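Following this line, the structure appears as structure tokens:
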């Protein structure tokens, strides 16, 4: 069976403020914030962190302690080696753009560098994440200058995390978890990703949850009132997404899902679409506040389009991540209306199949030309024609059309046999391989090949005229 495209439905087929200064005390967890007790690092001890790369628990060094999310080691209270102190002469490369940056950016940079303040480093990383369209700004410049070991990782690194071996059966659920942080860097806990976690469009829980049923092509869009979105999310919440799966021994593991922002650019105006982030947000109502943080924002930045892409390999997986979240940010005036969407797509790479098909066409087409020359030469000798005339040319193209038609039919037969072997004989894949989706490029090319063969075959009888 094969996934089919649809809209506004589902079709299962396979399975208060915190001010930072250089004198802030060290705090591993902010008062009043209670992380979710069901967090994945709960499998590790109180003094151990979960190493995402290896999936194993390990202890932090003597001068470090477990971070609130349980995934990193951060500085511990007391004397510990710190980078040389910095001051805000290092902060003056780019201008401050928003009221939020004016109040908190430089102070979070200083607190992250000069004191043991993990929340300040989280806040600095959040401010970089808010720069949804360009990294040529003060926040990213300060992030690159920060030397604190508490600084969270901004970019997704393929070298640190190997791709998991995941298998999905019929009616399997894609299990995703997310760590959440508020705008001030406080850790809000772990959350099981359900239908309404990442989807701005309202709907029944069953419909929204169907997006994470493996094999379901899902596309839901709607028009939203920005003022109502701000009632739901008055301040941005920042997420880091993880795929939960079981290893060969049945132990639960977590793999960070890369986040792609195709709209962001660098100072050279080059796209960073080939780069992947770790963190994203859905609604930003802070950056658009001009005079007071209690005033309504004049503009709102939001994730108008989220696409969860699932990669379906046809051979042993290579460098392609099995899951990828693409976030398309837009900026709109408040009040106003915005179009939002969430979709889940399944992407198949034919590997070298198309290259093999092109080579086969080249080889067999050359043989078809030679065969047509031999056929017309034999016909000319039997007809006792000494010179090339119009009749010989017509005969040649008639023979060539028939031969090329046979080539197209032979190639389509080979393509059909190839997909039968791939679908029936798969043994190593990140997710279960499906047949080419309806309306996809593979099916479209197959139909074109068959039509070309039929059209060319219709000229074949001219060879017997």
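Numbering (full-length UniProt numbering), first residue to last: 1 to 465. Glycine included, C-beta positions come from ideal geometry on N, C-alpha and C. These figures come from a predicted structure and were not determined experimentally.
What does the Cβ neighbour count give for residue i, buried or exposed, with the cut at 16 atoms within 10 Å?
i	result
residue 372	buried
residue 226	buried
residue 252	exposed
residue 336	exposed
residue 467	The chain is shown from 1 up to 465; residue 467 falls before or after that span and cannot be answered.
residue 355	exposed
residue 389	exposed
residue 71	buried
residue 61	exposed
residue 367	exposed
residue 184	buried
residue 200	buried
residue 131	buried
residue 381	exposed
residue 415	buried
residue 215	buried
residue 138	buried
residue 46	exposed
residue 363	exposed
residue 177	buried
residue 202	exposed
residue 56	exposed
residue 455	exposed
Ordered along the chain, which non-local residues of its own chain (more than five positions away) have a Cβ less than 6 Å from that of residue i?
i	result
residue 408	449, 452 and 453
residue 175	244
residue 321	258
residue 240	179, 278 and 279
residue 51	58
residue 69	179 and 187
residue 208	195, 196 and 199
Nearest by alpha-carbon distance to residue i: which of the options is it?
i	options	result
residue 457	405, 445 and 110	405
residue 261	324, 189, 195 and 394	324
residue 149	167, 166, 117 and 136	117
residue 287	103, 47 and 63	103
residue 278	71, 154 and 100	154
residue 343	368, 365, 303 and 381	303
residue 146	131, 182, 108 and 391	108
residue 307	295, 327 and 210	327
residue 228	353, 285 and 250	285
residue 403	329, 365, 212 and 137	365
residue 419	353, 358 and 209	353
residue 291	394, 97 and 386	97
residue 347	167, 312, 370 and 358	312
residue 401	209, 392 and 459	459
residue 165	358, 247, 370 and 297	247
residue 250	230, 167 and 301	167
residue 281	296, 309 and 329	329
Report the CB separation of residue i from residue j in whole angstroms; it is logged as a contact under 8 Å.
i	j	result
residue 264	residue 135	6 Å
residue 189	residue 180	6 Å
residue 255	residue 242	6 Å
residue 221	residue 339	6 Å
residue 417	residue 360	The Cβ separation is near 12 Å, so there is no contact.
Residues in its own chain within less than 8 Å of residue i by CB, not counting five upstream and five downstream?
i	result
residue 299	287, 288, 331, 332, 333 and 334
residue 151	112, 121, 124, 125 and 143
residue 205	194, 195 and 196
residue 95	138
residue 73	49, 60, 61, 64, 65, 66, 67 and 149
Helix, strand or coil for residue i per DSSP?
i	result
residue 205	helix
residue 221	strand
residue 195	helix
residue 469	Lying before the first or after the last residue shown, residue 469 is absent from the chain, which here runs from 1 to 465.
residue 288	coil
residue 305	strand
residue 333	strand
residue 326	strand
residue 52	coil
residue 75	strand
residue 262	coil
residue 451	helix
residue 57	strand
residue 257	coil
residue 235	coil
residue 140	helix
residue 187	strand
residue 117	strand
residue 240	strand
residue 382	helix
residue 62	coil
Got a sec? Which residues, its chain only, sit under 7 Å from residue i by beta carbon, not counting five neighbours each side?
i	result
residue 234	285
residue 369	400
residue 537	Because the chain is modelled from 1 through 465, residue 537 falls outside the range shown and cannot be assessed.
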